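For reference, the structure is listed below as structure tokens.
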Amino acid sequence: MTDPAAPQLISRSMADEPVWAECAADLMRRAEGLVGLSALDAHCIVSYTRLLRCAEGQVLTREGEPAGDGFMLLVLSGEVTVETIVARRDEPVVVSVAGPGHLIGETALLDGGPRTATCTATAPVIGAGLSRNALQRMMRAEPEVAAKLMAGVAHRMAQRLRDLTRQQRVYHQLVSAMQGEVDELQRQLQQVMDGAARRTAQRRED
Numbered sequence: 524m525t526d527p528a529a530p531q532l533i534s535r536s537m538a539d540e541p542v543w544a545e546c547a548a549d550l551m552r553r554a555e556g557l558v559g560l561s562a563l564d565a566h567c568i569v570s571y572t573r574l575l576r577c578a579e580g581q582v583l584t585r586e587g588e589p590a591g592d593g594f595m596l597l598v599l600s601g602e603v604t605v606e607t608i609v610a611r612r613d614e615p616v617v618v619s620v621a622g623p624g625h626l627i628g629e630t631a632l633l634d635g636g637p638r639t640a641t642c643t644a645t646a647p648v649i650g651a652g653l654s655r656n657a658l659q660r661m662m663r664a665e666p667e668v669a670a671k672l673m674a675g676v677a678h679r680m681a682q683r684l685r686d687l688t689r690q691q692r693v694y695h696q697l698v699s700a701m702q703g704e705v706d707e708l709q710r711q712l713q714q715v716m717d718g719a720a721r722r723t724a725q726r727r728e729d
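Going by the working numbering, the residue at position 136 of the sequence shown is 659; the numbering climbs one at a time, nothing skipped.
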């Protein structure tokens, strides 16, 4: 039975869709972290992908669920919202919004582990999907191109980790600064309360 949340892979490869194939190759070369790909590299990678069409509101990936064949998606048109669950919050937090030229699902492509975020089409989406099986075929037939792709994906993941580390450092500094302000306000409030108590006691004595 087909999972209604899974994107539908069209049986024709992107190589049979010349207009979308050209678009995918162009966007792939401009994707962050994959700028080192040549035109030939990009077209080679695209030939291993398949065209995905997702309706508005369709969930492409769901956080925590098995990746299965672990596809990576290059968004060609439309928009995808990327959300994740943060500790001590019930509602997911929007991490980013992916439009044409953005990649999603790179982690599952490499390790096949559970999905790390929920990705939902907020508009009709057309994309080029590369599965783990297709990547393995590419590694056997075009090892140099596959190595470039994997190096680019790894670079993107490392960059995101560095960005997250910087964000966490900034958040920690903000929390520390806010805590300092709260402590100062509490100190001032305590002084006011102590002063009021002394004045009240003095009036009683008088």
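Built from N, CA and C at the ideal position, the CB exists for glycine as well. The structure presented is a predicted model; accordingly, all values stated were derived computationally and were not measured.
Chain-order list of residues whose beta-carbon lies under 8 Å from that of residue i (same chain, five-residue window excluded)
i      : result
Ala538 : Ala544, Val569 and Ser570
Leu712 : none
Val620 : Glu602, Val603, Thr604, Val605 and Thr645
Val617 : Thr604, Val605 and Glu606
According to DSSP, residues forming a beta bridge with residue i
i      : result
Arg573 : Ser536 and Gly652
Ala621 : Val603
Val469 : Residue numbering for the chain in the displayed model covers 524 to 729; residue 469 lies beyond these limits and cannot be assessed.
Val598 : Gly650
Ile627 : Leu596
Neighbourhood of residue i by C-beta distance below 7 Å, restricted to the same chain and skipping five residues each side
i      : result
Ala565 : Ala548, Met551 and Arg552
Leu599 : Trp543, Cys546, Ala547, Leu550, Pro623, Ile649, Gly650 and Ala651
Glu540 : Leu574
For residue j and residue i, believed in contact at Cβ under 8 Å, the rounded distance
i      : j      : result
Thr645 : Val603 : 7 Å
Leu653 : Ala669 : Between Ala669 and Leu653 the Cβ distance is about 10 Å, and since that is not below 8 Å, they are no contact.
Ala578 : Val605 : With a Cβ gap of about 18 Å, Ala578 and Val605 do not count as contacting.
Leu560 : Lys671 : 6 Å
Assigned exposure category for residue i - 16 Cβ within 10 Å defines buried
i      : result
Glu629 : buried
Arg721 : exposed
Gly580 : exposed
Thr723 : exposed
Met595 : buried
Leu563 : exposed
Leu626 : buried
Beta-carbon contacts of residue i that lie in its chain and below 6 Å, excluding the five residues immediately before and after
i      : result
Val558 : none
Met661 : Tyr571 and Ala669
Arg576 : Ile649
Ser536 : Arg573
Cβ of residue i within 9 Å of any chain C Cβ
i      : result
Ala664 : In summary, chain C is missing from the structure at hand, where a single protein chain is found.
* Report yes or no: do the region 704-721 and the region 583-603 share at least 3 C-beta pairs separated by less than 8 Å? => no
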